[in-house]
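Data first, discussion second: the structure below is written as structure tokens.
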Amino acid sequence: MNTIENLTTTVVTSNSTIETNNLSRRTSLNSTRHHINSISAPIQNSHKNKTNSSNMIMNDEFSSSNSIPSAAAVTVAFAKDKKKSLTAYEKLLYDSQHDMRFKAEEKAGRRIGFYRIRGDIGLGNFSRVKLGVHLLAKEKVAIKILDKTKLDERTQRLLLREITSMEHLHHPNIVRLYEVIETPNEIYIVTEYAPGGELYTRISKAGKFVEDEAKSIFAQLTAAIDHMHSQGIIHRDIKSENVFFAKERLIKLGDFGFSTYSEKNQTLTTFCGSPPYAAPELFRDESYIGIYVDFWAMGILLYFMVTGLMPFRAENVGKLKKSIIDGHYSIPPHVSEECQLLIRKNFKYFFFNNEK
Numbered sequence: 001m002n003t004i005e006n007l008t009t010t011v012v013t014s015n016s017t018i019e020t021n022n023l024s025r026r027t028s029l030n031s032t033r034h035h036i037n038s039i040s041a042p043i044q045n046s047h048k049n050k051t052n053s054s055n056m057i058m059n060d061e062f063s064s065s066n067s068i069p070s071a072a073a074v075t076v077a078f079a080k081d082k083k084k085s086l087t088a089y090e091k092l093l094y095d096s097q098h099d100m101r102f103k104a105e106e107k108a109g110r111r112i113g114f115y116r117i118r119g120d121i122g123l124g125n126f127s128r129v130k131l132g133v134h135l136l137a138k139e140k141v142a143i144k145i146l147d148k149t150k151l152d153e154r155t156q157r158l159l160l161r162e163i164t165s166m167e168h169l170h171h172p173n174i175v176r177l178y179e180v181i182e183t184p185n186e187i188y189i190v191t192e193y194a195p196g197g198e199l200y201t202r203i204s205k206a207g208k209f210v211e212d213e214a215k216s217i218f219a220q221l222t223a224a225i226d227h228m229h230s231q232g233i234i235h236r237d238i239k240s241e242n243v244f245f246a247k248e249r250l251i252k253l254g255d256f257g258f259s260t261y262s263e264k265n266q267t268l269t270t271f272c273g274s275p276p277y278a279a280p281e282l283f284r285d286e287s288y289i290g291i292y293v294d295f296w297a298m299g300i301l302l303y304f305m306v307t308g309l310m311p312f313r314a315e316n317v318g319k320l321k322k323s324i325i326d327g328h329y330s331i332p333p334h335v336s337e338e339c340q341l342l343i344r345k346n347f348k349y350f351f352f353n354n355e356k
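Quick note, the sequence shown lines up with residues 1 to 356 if you use the UniProt record's numbering.
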């Protein structure tokens, strides 16, 4: 568990006040209460450290017998003396509420809450992702920034699913949600930062993985998906673009915008995800069991890792749909029998006997 996760719940609301102690907050997206994961610690017993104001006036700053301190001077001196007794977190909290430099940085988009905002990481249709640094923990985070004025009903629904799913998932191979911050115009989703980039980018630039590396990544993803399914959560958008490298040999599954909660063996009907990773049921407009759609996508992902290609390829979506429904795919001979069996295992719920 990293430094950020050791700190307690903090939510920064639209008026920039801080609420602590495992707070539940009401969000404008769905008007229901939900818990936000933590990355900061509450103020504890700060009232015990306050110095009596009558003693404050006796400080050197006001020791001259020829003048009577103004109310403003007393207030400044009290603040300075108070800060001396605060913890590092308490000082940061105090500055965030009283220091005009903090407010100026926030207005300029260089800071939000306890995070200093750095350069760009990515860009989406309704959002941009920035690199952030926690001012106290000094740890890097990814900050997804969404313009509230551009969020239609569908996008709001996907955003709520993403937040709700990530709140319930705590696994070393799943991107961790730290905090959600809402201002009058924007929503900030603060998550774990994976500096190694996407799995898709790695393969696009360097080509297929050796099987040992592919199996290691596949095993980590399997552990993440097992945990996800044990919580009743179906991802529905597993693909190489949503797998991130936190370290050279450590991957994280992210992007839960299409995720949903599903009871065991409950059927779903919504088409989600990327067509090259979609199971046949999705193209047939049939109901489907969510976990099998995730398993199918895992088979596609393993194939991609060991070959650098997609098992189903076509020049347009219509032909891709037919190829997937017909089950026309082949595995190159350089792929080991063990790996071929693993790929087939993930496809077996849909068609095992159609392989060429």
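For each residue, glycine too, the CB sits at the ideal point set by N, CA and C.
{"query": "In its own chain, which residues sit with a C-beta less than 6 angstroms from the C-beta of Gly-119, not counting the 5 before and 5 after it?", "result": "Leu-131"}
{"query": "With distances taken between CB atoms, is the gap from residue 363 to Val-141 smaller than 9 angstroms?", "result": "Past the boundaries of the shown model lies residue 363; the chain is included only from 1 to 356, so the question cannot be answered."}
{"query": "Mapping DSSP to helix, strand and coil, what is Thr-51?", "result": "With a pLDDT of only 40 at Thr-51, under 50, the local geometry of the prediction cannot be trusted, and the value read off the model is given with reservation. Looking at Thr-51 - three-state DSSP - the assignment turns out to be coil, as it is neither helix nor strand."}
{"query": "Since Phe-244 sits in a beta bridge, which residues does DSSP pair it with?", "result": "Glu-198, Lys-252"}
{"query": "Taking Gly-124 as the reference, which of Leu-151, Val-293, Leu-136, Ala-104 has the closest Cα?", "result": "Leu-151"}
{"query": "Count Cβ pairs between the region 290 to 300 and the region 272 to 280 that sit closer than 8 angstroms; are there 3 or more?", "result": "yes"}
{"query": "How far does the beta strand (DSSP E) with Glu-186 in it reach, from first residue to last?", "result": "186 to 192"}
{"query": "Alpha carbon to alpha carbon, how far is Phe-312 from Ser-323? Give it in angstroms, no decimals.", "result": "6 angstroms"}
{"query": "Please state the DSSP three-state secondary structure of Ile-300.", "result": "helix"}
{"query": "Taking just the CA atoms, how far does His-170 sit from Gly-254?", "result": "12 angstroms"}
{"query": "Determine the closest residue to Glu-153 out of Lys-138, Phe-126, Asn-173, with distance taken between C-alpha atoms.", "result": "Phe-126"}
{"query": "Check whether the Cβ atoms of Val-243 and Ile-234 sit closer than 9 angstroms, and answer yes or no.", "result": "no"}
{"query": "When you compare only the Cα positions, how much space is there between Ser-262 and Asn-173?", "result": "21 angstroms"}
{"query": "By Cβ distance, which residues of its chain are closer than 6 angstroms to Gly-257, with the 5 residues on each side in sequence left out?", "result": "Leu-158, Glu-162"}
{"query": "With burial defined as no fewer than 16 other Cβ atoms inside 10 Å of the residue's Cβ, what is the status of Val-175: buried or exposed?", "result": "buried"}
{"query": "Which residue marks the beginning of the beta strand (DSSP E) containing Lys-103, and which one marks its end?", "result": "First-last for Lys-103: 100 to 107, but that is the alpha helix (DSSP H), not the beta strand (DSSP E)."}
{"query": "When the distance is taken between beta carbons, is Tyr-292 closer than 9 angstroms to Thr-269?", "result": "no"}
{"query": "Can you look up Glu-162 in the DSSP assignment and give me helix, strand or coil?", "result": "helix"}
{"query": "Could you tell me how far apart the beta carbons of Leu-136 and Leu-92 are, in whole angstroms, since I believe they sit closer than 8 angstroms?", "result": "5 angstroms"}
{"query": "Whose C-alpha, out of Gly-197, Gln-266, Ile-325, Val-210, is nearest the C-alpha of His-334?", "result": "Val-210"}
{"query": "If we count the other Cβ atoms within 10 Å of its Cβ and call it buried at 16 or more, is Val-317 buried or exposed?", "result": "exposed"}
{"query": "Expressed to the nearest angstrom, what Euclidean distance is found between the alpha-carbon atoms of Gln-340 and Glu-139?", "result": "41 angstroms"}
{"query": "For the beta strand (DSSP E) holding His-134, just list the boundary residues, first then last.", "result": "127 to 134"}
{"query": "Taking the Cβ atom as the reference point for each residue, do Arg-236 and Thr-260 lie within a distance shorter than 9 angstroms?", "result": "yes"}
{"query": "Below 7 angstroms CB to CB, which residues in the same chain sit around Pro-332 once its five sequence neighbours on both sides are set aside?", "result": "Thr-307"}
{"query": "Which one of Arg-110, Leu-221, Glu-167 has the shortest CA to CA distance from Ile-145?", "result": "Arg-110"}
{"query": "Would you say Ile-343 and Tyr-303 are within 9 angstroms of each other, going by their C-beta atoms?", "result": "yes"}
{"query": "When you compare each of Ala-104, Gln-220, Gln-156, Ile-187 to Phe-245 by their alpha carbons, which one comes out closest?", "result": "Gln-220"}
{"query": "Could you pull out every residue in the same chain whose Cβ sits closer than 8 angstroms to the Cβ of Thr-222, ignoring the five residues on either side in sequence?", "result": "Met-298"}
{"query": "What does the Cβ neighbour count give for Ser-85, buried or exposed, with the cut at 16 atoms within 10 Å?", "result": "exposed"}
{"query": "My understanding is that His-134 touches Tyr-115, with C-beta atoms under 8 angstroms, so please give their C-beta distance in whole angstroms.", "result": "6 angstroms"}
{"query": "Which residues mark the beginning and the end of the alpha helix (DSSP H) in which Val-317 is found?", "result": "317 to 326"}
{"query": "Taking DSSP's pairing of strands, which residues face Tyr-115 in a bridge?", "result": "Ile-112, His-134"}
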